[in-house]
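Asker: First the structure, then my questions, so here it is.
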Amino acid sequence: MKGVTFVEIALGSFIIQILAFALLYLLLKRYAFGPLVNVMVQRQERIQNEIKMAEKNRQEAEQLIKEQNEAIQKARIEAQEIIERARVSSIKQADEIMETAKREAERMKDQAIQEIQLEQEKAVAALREQVGSLSVLLASKIIEKELDTKEQSKLIDEFMKQVGESL
254 MKGVTFVEIA
264 LGSFIIQILA
274 FALLYLLLKR
284 YAFGPLVNVM
294 VQRQERIQNE
304 IKMAEKNRQE
314 AEQLIKEQNE
324 AIQKARIEAQ
334 EIIERARVSS
344 IKQADEIMET
354 AKREAERMKD
364 QAIQEIQLEQ
374 EKAVAALREQ
384 VGSLSVLLAS
394 KIIEKELDTK
404 EQSKLIDEFM
414 KQVGESL
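Numbered by this note's numbering, the letters in the sequence shown go through residues 254 to 420 in order.
Here is the structure:
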């Protein structure tokens, strides 16, 4: 009988241990595993949210980089257009300045030619006046003197010499 009690004791102890384990399991499940599982689930959800946020931030960053690259490219194109417009404008202004300078030079040249012609006409008129008065003077001297041919030639030569000096 000793063998039976051992089995009975062992069986009773086994049943108590199973009941104690079941009770411990239920208590742990209710008070430890539930909150622990909840903490684990919350942590997993938080990690998944952080991963989603990180992915979203990465996509936003890629979008911003793409937009910035497009803005930089657009700014480069605009800068090239501004430079080209400035170059064309400077060439146009240079051409206009050259054309204005040519017109002004032509105007000054025409004015100088007119002034020269006017001065030439004045000089010719003055010369004619002098030649006329000298001719009258010569004629009066010739008439005053009735000279022989030799003296008339001498008088004409002197007159021509005077005319040549005054011109």
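Using N, Cα and C, we set each Cβ at its ideal position, and we do this for glycine too.
What's the C-alpha gap between N291 and K282?
Answerer: Each residue's Cα considered, the two are about 12 Å apart.
Asker: Please work out which residues of its chain come closer than 8 Å, Cβ to Cβ, to V416, disregarding the five sequence neighbours upstream and downstream, and give them in chain order.
Answerer: Q383, V384, L387, listed in sequence order.
Asker: Kindly give me the distance between the Cβ atoms of F412 and L391, rounded to whole angstroms, as I take these residues to be in contact under 8 Å.
Answerer: Indeed they touch by this definition, with Cβ atoms about 5 Å apart.
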